[in-house]
Amino acid sequence: MHRVLGDRRAIAILIGPALLVYSLIMLIPMVWSLGYSFTKGNTIDGFTGNGVANFTRLFDDPAVGDALWFTLKYAVVVTIGQVLAGYLLALLYVFFLKRASALVRTLAFFPVVLPTVAVGLLFQKLFQVAPQTGPVNSLLNAVGLESIDWFGTAGHAFWVLVIMDVWRSMGFYAVLLFAGLVDIPEEVLESARLDGASGLRLVRHIVMPLSFPVLMSSLIFSINGTLKVFDSIVALTNGGPGSGTTPLTLYMFQTSFTYSDYGYGSTIALLLTVVCLLVTLVVFRISRRDLTKG
Amino acid sequence: MAVDMPLTSTAARGNHASGDSRPRRRRSGRIWVKLVLGLLLVVEIYPLLWMFLTSLKSNSDYLNNSTWSLPTTWEWGNYSEAWSTGHIGLYVRNSLLAVLPSLALILLLGTAAGFALQIMVWKGRSLTLLIFLAGIMVPSQMILLPLFTVYFQAGLSGTLWPLILTYTGTGLPLTVFMMATYYKTVPRELFEAATIDGAGILRAFWTISIPMVRNAILTVGLVQFFFIWNDLLIALTFTNNQDLRTIQVGLLNFTGDFGATQYGPLFAAICINVFGTLVIYLFLNQKVMKGLTGGAVKG
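Chains as they are written, first to last, in my numbering: chain A, 128 to 421; chain B, 3 to 301.
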């Protein structure tokens, strides 16, 4: 029956080019990068074997510890921020705006498509204190507070990063979660209301459990993206002040291209990959377990 | 693998949701909603408005007057300054030269692979799809250094080819996955009836299947366009030459070319970058939303 659809030559012609390009650009370099982890050097000067020195260095390097901690802290805070803000917006769309929500959804979504570099530079100016007092500090002054040097300490810079990345993507998660919320049958909500559930209790006991799957896929998607954060930070703080906002991605980039140490850079890249896989796996496992319980 | 979280069901649900069940404390609810909406509007729109107004200020106007004020003189010249003296024109050209060929390659190869994985019948296709999927998870940092070596030794450094090749390779996993999903809606029998041999199936892929998934190709194309156009990491790695900078790398290094920072042209450059993508969104927002969220729900 599937004689025509099983034609080997046609299959090879259709999938061959994609598979070839994908292998050459992604699969082989991944393995190759693994090999680099055991070397020292760079493209220009050549590579020499280095044993497991890069891996022992990884564990002794305080900068790696800092970068890893920053990456995890950033990923957890921004993921919670993005998904929470998105969920609140989605609830607003479904329960308050109803039919009128299409326009608001479209409006709140647009920051997602903006170039991160542009948004980063924009937020740098929005929060700046000198040479000009930016809108945020002007607002603080207007209500009688002192200007804050937002990029002077790592702690403040971290929160500007969080605010910016939540601003950028809450509309995206709102649409994603909205798709899950509108699938809840109106009859279920209606009978819960008749039983006296309303407001927060309705959300907590009816809406949350029913939108759990899409909430979980949002979390997985968000944590996967935030662990790899690079553009936002390069554009907004470039890792500073000092190395106070340097995640693993940026530390890997600096090690490789500023200090021309490709071997150690590859080792950091490997660590990043392992962290991404582990965290995703953990979130995935948790979501599976809770799903069977609820 | 539930892609296509149907945004289509929105309209249907919206209708009967507003029908019955009115909340009791409606008036107070309304005011609260209006407040939230107003705040949302300000938070979303004001930064862009501020950016646009600032792009029309002169340097002294920007530095000496309140940040809320309108431009004292409207310096439209900031835009031509950014475009030529700031080289934004060159950077936009470079971006287009890198993005358009990558996009064409991604869509062609990705659609063909999606067709092979979903419509054609062969052993190992689910494994092949899994191999493609693995590429979505792995961070780009993992492939940059070996690629840098290869491009350098192949003499491709100093051209836009490293960008085109890397964008094509990194864009394929998601495209293949999304196209394979879209092909699920196309009945296989259609191709069995229309063809009798291997050459026929290739023709059928091109003449029958492509028109059927035209919308999907446009959607996926938009998603990939935004990813590539907005990319910084790959562009930063492979454009060691100033004349090759893409718009994002160029914007990041914008202040360098003027000596002292010229704020008007800087904001004009940010505006050019932002409003370019905003115009596309203005016309195709429903497709963009569907595509970007569809690509996300892949668990």
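Glycine included, every Cβ here is placed at the ideal spot set by N, Cα and C. Predicted model only: the values in this text are computed from it and were never measured.
Assigned with DSSP and collapsed to three states, N242/B falls in coil, not helix or strand.
DSSP, read as helix, strand or coil, puts F269/B in helix. Residues of the stretch 313-345 of chain A with a C-beta less than 9 Å from any C-beta of chain B: E313, L316, E317, R320, S325, P340, V341, M343, S344 and S345, listed in chain order. Look at the beta carbons and you see the stretch 141-148 of chain B touching the stretch 378-393 of chain A: at least three pairs across the two are nearer than 8 Å.
Collapsing the DSSP output to three states places K167/A in a strand. Collapsing the DSSP output to three states places F254/A in coil.
Taken residue by residue, none of the stretch 178-191 of chain A has a beta-carbon sitting less than 8 Å from a beta-carbon on chain B. Under the three-state reduction of DSSP output, G367/A falls in the coil class, being neither helix nor strand. Looking from the CA of M291/A, the closest CA among L329/A, T260/A and A245/A belongs to A245/A. Looking at the backbone, the Cα of S393/A and that of Y300/A are separated by about 32 Å.
Between F250/A and the set A202/A, G208/A, R295/A and A281/A, the nearest pair of CA atoms involves R295/A. Put simply, the stretch 365-375 of chain A touches the stretch 265-281 of chain A. At least three CB pairs are less than 8 Å apart. For F174/A, the uninterrupted beta strand (DSSP E) run begins and ends at G173 to G176, by DSSP. Only residues of its own chain outside the window of five on either side were considered, and among them V225 have a CB closer than 6 Å to the CB of L294/B, listed in chain order. Scanning its chain for C-beta atoms nearer than 8 Å, with the 5 sequence neighbours on each side dropped, one finds around S97/B the residues W231, T248, I249 and Q250, in chain order. For the stretch 154-168 of chain B, the residues whose beta carbon sits under 9 Å from a beta carbon of chain A are, in order, F154, Q155, L167 and T168. Looking at the backbone, the Cα of G40/B and that of A269/A are separated by about 20 Å. Secondary structure of P141/B (DSSP, three-state): coil. Residue environment analysis places R232/A among the buried positions, since at least 16 neighbouring C-beta atoms fall within 10 angstroms of its C-beta.
D245/B and V361/A have their C-alpha atoms roughly 21 Å apart.
Here H332/A carries a helix assignment [DSSP, helix/strand/coil]. Between the stretch 406-414 of chain A and the stretch 160-175 of chain B there are fewer than three inter-stretch CB-CB distances shorter than 8 Å, so the stretches are not counted as touching. By the rule that beta-carbons nearer than 7 Å mark a contact, L303/A touches chain B.
Annotation: Cβ neighbours of G261/A in chain B (cutoff 8 Å, chain order): T69. Under the Cβ criterion of 7 Å, I236/B is not counted among the residues facing chain A. Within its own chain, the residues whose Cβ lies closer than 6 Å to the Cβ of N275/B, once the five positions on either side in sequence are excluded, are I249 and L253, listed in chain order. Under the DSSP assignment, F305/A falls in the alpha helix (DSSP H) whose first and last residues are A281 to L308.
Between A202/A and L354/A, the C-beta spacing is below 7 Å. Distance between M122/B and L132/A, taken at the CA atoms: about 5 Å.
Sixteen is the threshold: when 16 or more other Cβ atoms of the shown chains lie within 10 Å of the Cβ of D358/A, as they do, the residue is buried. Contact of E46/B with chain A by beta-carbon distance below 9 Å involves L234, A235, F237, P238, W294 and G298.
With contacts defined as CB atoms closer than 7 Å, V293/A and A194/A fail to qualify as a contacting pair. When C-beta distances to chain B are compared with 8 Å, the residues of the stretch 133-150 of chain A below that value are G133, D134, R135, R136, A137, I138, I140, L141, I142, P144, A145, L146, V148 and Y149, in chain order. Rounded to whole angstroms, G173/A and G126/B show a C-alpha spacing of 39 Å.
Every alpha helix (DSSP H) of 4 residues or more that sits fully in the stretch 136-191 of chain B is shown, in chain order, as 143-155 and 163-184.
Of all C-beta pairs linking the stretch 153-165 of chain B to the stretch 79-87 of chain B, fewer than three are shorter than 8 Å, placing the two stretches out of contact.
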